[in-house]
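Trainee:
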Amino acid sequence: MAIHKTEAIVLDRKDYRETSYLLSFFTAEFGKISAQAKGAKRKIDKFGTSFLPISFNEIVFYERSRSDLHIISQADLIENFDNIGKCIDRFSCAAYFLELVNAAMPYDERNKEVFQLLLDFLRFLNGEHSITNLAQLFEVKFLKLSGFKPSFDCCVSCSGQVEDKSKFSFVLGGLLCPKCISKDKSARNVMNGTIASINHLEKVDLRQFVNFRMIDSISKELEQLLRNFIDFHIGQQFKSLEFIKKVRFAYV
Ligand SMILES: [Zn+2]
78 MAIHKTEAIV LDRKDYRETS YLLSFFTAEF GKISAQAKGA KRKIDKFGTS FLPISFNEIV
138 FYERSRSDLH IISQADLIEN FDNIGKCIDR FSCAAYFLEL VNAAMPYDER NKEVFQLLLD
198 FLRFLNGEHS ITNLAQLFEV KFLKLSGFKP SFDCCVSCSG QVEDKSKFSF VLGGLLCPKC
258 ISKDKSARNV MNGTIASINH LEKVDLRQFV NFRMIDSISK ELEQLLRNFI DFHIGQQFKS
318 LEFIKKVRFA YV
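In the numbering used here, the protein residues as written are 78 to 329.
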């Protein structure tokens with residue numbers, strides 16, 4: 078059994094038997110792992126953290142060669158993002174980021190860029206800035222770093238230039254130029270402003286994003302396009318998004 082120490086963001090925490098937790102982490106060194114924290118529920122001082130969902134910890138775990146479920150021997154809290162839990166919008170946005178990473182990333186595949194992206198966005202959510210369109214910025218960056226890479230800067234079929242009458246193909250994962258539109262009959266029209274916004278979001282960092290604004294029609298189309306792309310390629314119902322919908326409905 079090998080022993081490892083790494084920084085880890087809690088993606089999911091479930092009760093496991095009477096006294097333990099079953100945890101999913103995204104770690105700096107090993108990517109997504111699942112591990113058991115034995116006795117963590119019974120003795121709160123056994124670990125230096127209670128593994129709250131939306132927390133950043135340092136963990137030591139035993140890697141079990143015949144099982145994907147590792148055993149945590151030590152853990153310390155680094156950050157618990159207190160402010161996120163005080164605002165329902167920030168909390169549900171953070172929950173969605175964690176759920177998306179958990180659903181899309183394979184086990185045991187190191188991806189330092191995705192780890193840093195998730196950490197940076199949780200820190201941003203923990204601050205005071207507006208979070209309008211933050212989910213779309215995260216989606217654009219995450220899809221690129223995790224290998225899904227929807228093609229928005231050129232035609233996904235012939236790599237040619239995309240022009241005014243391009244359509245987006247969810248099946249092929251990108252824009253189709255007018256010559257290639259027939260390759261997917263279900264491809265949908267997309268506004269030029271939406272394509273420009275996605276290409277812009279790919280380049281900006283969180284500091285530049287603070288002053289970024291989109292008009293409503295583009296913002297709505299962008300949200301829908303990314304949502305449908307993720308539904309098509311990842312194919313999971315996100316509990317956090319159902320929750321966001323319910324909260325929005327309650328306020329209308
Ligand atoms: Zn083409």
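Built from N, CA and C at the ideal position, the CB exists for glycine as well.
Suppose contacts are defined by Cβ-Cβ distances below 8 Å. Is residue 110 in contact with residue 185 by that definition?
Mentor: Here residue 110 refers to the residue found at position 33 of the sequence shown. Here residue 185 refers to the residue found at position 108 of the sequence shown. Taking 8 Å as the Cβ cut-off, residue 110 and residue 185 qualify as a contacting pair.
Trainee: Quick one: grab the DSSP three-state call for residue 83.
Mentor: To locate residue 83, count along the sequence shown from 1; it is residue 6. Of the three classes helix, strand and coil, the one that applies to residue 83 here is strand, per DSSP.
Trainee: Got a sec: does ligand 1 put a non-hydrogen atom nearer than 7 Å to the Cβ of residue 253?
Mentor: In the sequence shown, the residue the question calls residue 253 occupies position 176. Indeed, a heavy atom of ligand 1 lies less than 7 Å from the Cβ.
Trainee: Would you mind sorting residue 266 into buried or exposed? The rule is 16 or more other CB atoms within 10 Å of its CB.
Mentor: As a working mapping, residue 266 is identified with position 189 in the sequence shown. Exposed, by the Cβ-count rule.
Trainee: Regarding residue 234 and ligand 1, is the C-beta to nearest heavy atom distance less than 7 Å?
Mentor: As a first step, residue 234 must be located in the sequence shown, where it is residue number 157. Yes, since a heavy atom of ligand 1 falls inside the 7 Å radius drawn around the Cβ of residue 234.
Trainee: Does DSSP classify residue 178 as helix, strand or coil?
Mentor: Translated into positions along the sequence shown, residue 178 becomes position 101. Helix.
Trainee: Within 10 Å of its beta-carbon, does residue 329 have 16 or more other beta-carbons around it, so buried, or fewer, so exposed?
Mentor: Here residue 329 refers to the residue found at position 252 of the sequence shown. Because residue 329 sits at a pLDDT of 43, beneath the cut-off of 50, its placement in the model cannot be relied upon, and the point is left open.
Trainee: Could you give the residue range of the alpha helix (DSSP H) that holds residue 240?
Mentor: One-based indexing of the sequence shown puts residue 240 at position 163. Per DSSP, residue 240 belongs to no alpha helix (DSSP H) and is neither H nor E.
Trainee: Looking at the secondary structure, which residues open and close the beta strand (DSSP E) in which residue 294 lies?
Mentor: Locating residue 294 in the sequence shown gives position 217, where the first residue counts as 1. No beta strand (DSSP E) contains residue 294, which is instead part of the alpha helix (DSSP H) from 293 to 311.
Trainee: Residue 150: which of 138, 128, 157, 158 sits nearest, CA to CA?
Mentor: Within the sequence shown, residue 150 is the residue found at index 73, counting from 1. Among 138, 128, 157, 158, the Cα nearest to that of residue 150 belongs to 138.
Trainee: Applying the 10 Å Cβ sphere with the 16-neighbour rule, what's the burial state of residue 238?
Mentor: As a working mapping, residue 238 is identified with position 161 in the sequence shown. By the neighbour-count rule (16 or more Cβ atoms within 10 Å), residue 238 is not buried but exposed.
Trainee: Using the three-state DSSP reduction, which class does residue 104 fall into: helix, strand or coil?
Mentor: For the purposes of this step, residue 104 is taken as the residue at position 27 of the sequence shown. Reduced to three states, the DSSP call for residue 104 is strand.
Trainee: Does the region 222 to 231 come into contact with the region 201 to 214, if we say contact requires no fewer than three beta-carbon pairs (one atom in each stretch) closer than 8 Å?
Mentor: They do not touch, by the three-pair rule.
Trainee: What does DSSP give as the partner residue(s) for residue 153 in the beta ladder?
Mentor: In the sequence shown, residue 153 corresponds to position 76, counting from 1. For residue 153, which the question treats as bridged, DSSP gives the partners 125, 135.
Trainee: Judging by CA-CA distance, which residue of 279, 131, 102, 157 is the nearest neighbour of residue 148?
Mentor: Numbered from 1 along the sequence shown, position 71 holds the residue referred to as residue 148. Nearest option by C-alpha distance: 102.
Trainee: Starting from the C-beta of residue 286, find all residues in its chain whose C-beta is less than 7 Å away, skip the five residues before and the five after it, and write them out in chain order.
Mentor: As a working note, residue 286 is residue 209 in the sequence shown. Excluding positions up to five away in sequence, the list reads 214.
Trainee: Tell whether a beta-carbon distance below 8 Å holds between residue 321 and residue 180.
Mentor: Indexing the sequence shown from 1 puts residue 321 at position 244. Indexing the sequence shown from 1 puts residue 180 at position 103. No. Outside cutoff.
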